[in-house]
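Notes to accompany the following structure.
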Amino acid sequence: MDEYTFTTEPPAPADFIRLREKANMAPRSLAAVEKGLPNTIFAVTVYHDGRAIGMGRIVGDDGAVYLISDMAVEPDHQGNGVGTRIMERLMAYLDMNAVGSAYITLIADVDGFYERFGFEPVRPESKGMYKRIT
């Protein structure tokens, strides 16, 4: 893992868009990314040879509600523990800063990854929903 550099800053907007694309995630417009990234509560961006290859961030109100969002690692770097180390850093932030009764959520498309960090399906108590602005 020595070849990777981990920072606690969001990626540049172009890197954010590229990483989401490489991870087959829904696209975000440059305008949305430029408006949204400065509102990040905490972020981790991973670099390899000076290039952003992974990211994850926490958004929310930094008190009652947190959302782990935009977890992405370029396919060539998956399986090397990069995603795990991103999540460890995000969870460390939450462990140090989230107060009792805070709700931490995420939308996952990877089975078996987030469970090791204590996340559970919301069903049957709740159901996840979304609406996309087009």
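As numbered in my numbering, residues 18 to 151 make up the sequence shown, in order.
Idealized CB from N, CA, C, for every residue including glycine.
For residue j and residue i, the rounded distance between their alpha carbons
i	j	result
Asp128	Pro138	11 Å
Ser46	Ala125	21 Å
Glu142	Glu20	42 Å
Ile121	Met146	16 Å
Ile103	Lys148	27 Å
Pro55	Arg140	32 Å
Ala40	Met108	21 Å
Ala29	Gly117	33 Å
Pro92	Ala81	34 Å
Phe130	Ala48	31 Å
Ile34	Leu111	25 Å
8 Å contact criterion, which residue i and residue j should meet: CB distance rounded
i	j	result
Gly67	Ala89	That pair is no contact at about 18 Å.
Phe23	Arg133	With a Cβ gap of about 19 Å, Phe23 and Arg133 do not count as contacting.
Cβ shell of residue i (< 6 Å), same chain only, five flanking positions each side left out
i	result
Val99	Val63, Gly71 and Val90
Leu36	Met72 and Ala89
Glu51	Pro30
His94	Ile70
Spatial neighbours of residue i in its chain, beta-carbon cut-off 7 Å, leaving aside the 5 residues before and after
i	result
Phe136	Leu123
Asp32	Ala69
Glu38	Pro44
Under 9 Å between C-beta atoms of residue i and residue j
i	j	result
Thr153	Ala60	There is simply no residue 153 to check, as the chain begins at 18 and stops at 151 in what is shown.
Asn114	Asp79	yes
Same chain, Cβ closer than 8 Å to residue i, five either side skipped, listed in chain order
i	result
Thr57	Pro27, Arg74, Ile75 and Val76
Residues that residue i bridges to, as DSSP identifies them
i	result
His65	Tyr21 and Arg68
Phe59	Ile75
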